[in-house]
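Numbering of the sequence shown is given in this note's numbering, commencing with residue 1388 and proceeding in unit increments.
No residue lacks a Cβ here, since even glycine has one placed at the ideal position from N, Cα and C.
Owing to the predicted nature of the structure, the values given are computational and were not obtained by experimental measurement.
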Amino acid sequence: GFSNDMGLFLNALGVQTSSPQDASIPIAQRIRNALETTVARYEAYFNAAGGAFNVRKCFYYLVNFVWTGTNWQYQTTSDMQLDPITITPTTLDNTGTPQEVTWLEANDAQCTVGTFIAPDGSFFKQLEVLHDKLGAWKQSLRNMNTGNVRAKWLSYQNVFLRKILYPLIGHNFGQDDLQSLQQPVDVEVLHILGLNERFPHDVLRAPLLYGGLGCTTIHGQHIVDKLILFVHHIREDKRIAETLKASMSMTQVECGVSTPFFDLDPDIWYPLVMQTWPAHLWRDCKKHEMDIKFHRDTFWTPAAPRQNDICIMDVAATMYTGHLLCQINQCRLFLQVTYLSDISTVDGKRILLAYYKLQWKGS
1388 GFSNDMGLFL NALGVQTSSP QDASIPIAQR IRNALETTVA RYEAYFNAAG GAFNVRKCFY
1448 YLVNFVWTGT NWQYQTTSDM QLDPITITPT TLDNTGTPQE VTWLEANDAQ CTVGTFIAPD
1508 GSFFKQLEVL HDKLGAWKQS LRNMNTGNVR AKWLSYQNVF LRKILYPLIG HNFGQDDLQS
1568 LQQPVDVEVL HILGLNERFP HDVLRAPLLY GGLGCTTIHG QHIVDKLILF VHHIREDKRI
1628 AETLKASMSM TQVECGVSTP FFDLDPDIWY PLVMQTWPAH LWRDCKKHEM DIKFHRDTFW
1688 TPAAPRQNDI CIMDVAATMY TGHLLCQINQ CRLFLQVTYL SDISTVDGKR ILLAYYKLQW
1748 KGS
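Structure representation (C-alpha cells):
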C-alpha cells in the first residue's frame, strides 16, 4: 500500500516552545530548519515501514506576512532569503543524494484530495480546472447521439455536476466568481431540454413545485453543500467541530460585538473580518435570506464586564461605515479591547490616556 495527500504543519509558537535554545536564530530560519528535520524523520519512518518517499510529489509553503504601510501581504519566497529544504532518501548503503523539495508561493494552488487550494485562498487555479472539465463535458455531449436526451441529462446531473461541486466545497466562491462557468452551462442545459437560449432563467431556476424546471445554479448548490457539511460537523462535536468553532470565535473577535456574527449584516461587517470558510458561509447565507442560529451555550460571544456595558463597534457602526469603520476596528484590535469599559475610567466619563494615544501595552 501507499500513503497520499498527507500534510505536516508547523508554526512559530510550536518551534519556539520546542527549541528555546535557538532563540538567537531568526524565527523564519528556525521554522525552515524544523521543517527539514521533520520531513527527514518522516522519510526515515516511511522507509522503515517498507515504503519509499516520492520527493517529486512533495511540496511545502512557508507562510509569513509583511506590512506594506497600508495592508498585510504574503511574503514571497525570494524575500525570505532562506535556502530550500532538501531530503536525502534512505538507502541500504547510505549513498542517497540530497533532493530539493519544491517550495511554493502562498498563491500557488496545488491539488490536494481532488481540489486545488492555496494558503492565501486564491481560487483562480481551481477555476481554470473547472473550465477544463466544462470543455471536456461539452465535447462529450457533441459525441453523443443527438436524440439521446436522457443520456445527456444524466451526464449533466450525475457526472458533470459532481465533478464541479466536489472541489468547490473547500473554496469561498461568490456568485460573480462562478458566472463565467454558469453561463455556458446554462446554454448546454437548455439545449439538452430542447429549449431556446433566451428561455427565462427565472423559470429555469424555479422549483418544480412552482412550475419551474428546478435547475439550481452552481453557486446555489455550492452554498447548500457547504451548509449541510457545516451542520454535520458541528453536530459531530469532534476535532473538525473544534476547528470550526475556533474559526468562528476569531471572526466574532474581529467583529467586536456581542451579537453572534451570523445575525449581523455582512454588507457592513464582512469587510472587517478575515475571509474564512465559516465567514463566507455567513455572507452567502445572509444574501439568500438564510439564518444560522446557535444555542447560546454552544456559540461564544464576548461577555460584558459591567452592567449596561456596550461594545465599541456597536457604537462605531451607528456613526461610520466602510473604510472608516475598518480603521476603527483595526485600532480596537490593536488595543485588544471590545467593550467601552475596557478603555474608560471606572466612572465611565473619560477614556484612559494610554488607550487614547494607542500607547497601551498588553500584559
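(Q) So residue 1560 and residue 1510 are supposed to be a Cβ contact under 8 Å. How far apart are they, rounded? (A) 6 Å
Q) Between which two residues does the beta strand (DSSP E) harbouring residue 1489 extend? A) 1489–1491
**Q.** Straight-line Cα distance separating residue 1569 from residue 1605
**A.** 7 Å
Q: Quick one: grab the DSSP three-state call for residue 1730.
A: coil
Q | Span of the beta strand (DSSP E), counted from its first residue to its last, around residue 1504 | A | 1502–1504
Q.
residue 1421 and residue 1449 - do their beta-carbons sit closer together than 8 Å?
A. no
Q: For the segment 1522–1558, list the alpha helix (DSSP H) runs that are entirely contained and at least 4 residues long, ordered along the chain.
A: 1536–1541 and 1548–1555
Q: Count the CB pairs spanning the segment 1720–1739 and the segment 1670–1677 that are closer than 8 Å, and state whether there are at least three.
A: no
Q | Delimiting residues of the beta strand (DSSP E) encompassing residue 1498 | A | 1497–1499
Q | Local Cβ density within 10 Å of residue 1750, reported as buried at 16 or more and exposed below that | A | At residue 1750, the pLDDT of 48 sits below 50, so the modelled position is not reliable and the matter cannot be decided from this model.
Q: For residue 1462, I'd like the list of residues in its chain whose CB is within less than 6 Å of its CB, leaving aside the five on either flank, ordered along the chain.
A: 1451 and 1453
Q: Tell me whether residue 1643 is buried or exposed, calling it buried when 16 or more other Cβ atoms sit within 10 Å of its Cβ.
A: buried
Q.
Can you list, in chain order, the residues of its chain with a C-beta nearer than 8 Å to that of residue 1537? Leave out the 5 residues immediately preceding and following it.
A. none
Q: List the DSSP bridge partners of residue 1664.
A: DSSP lists no partner for residue 1664.
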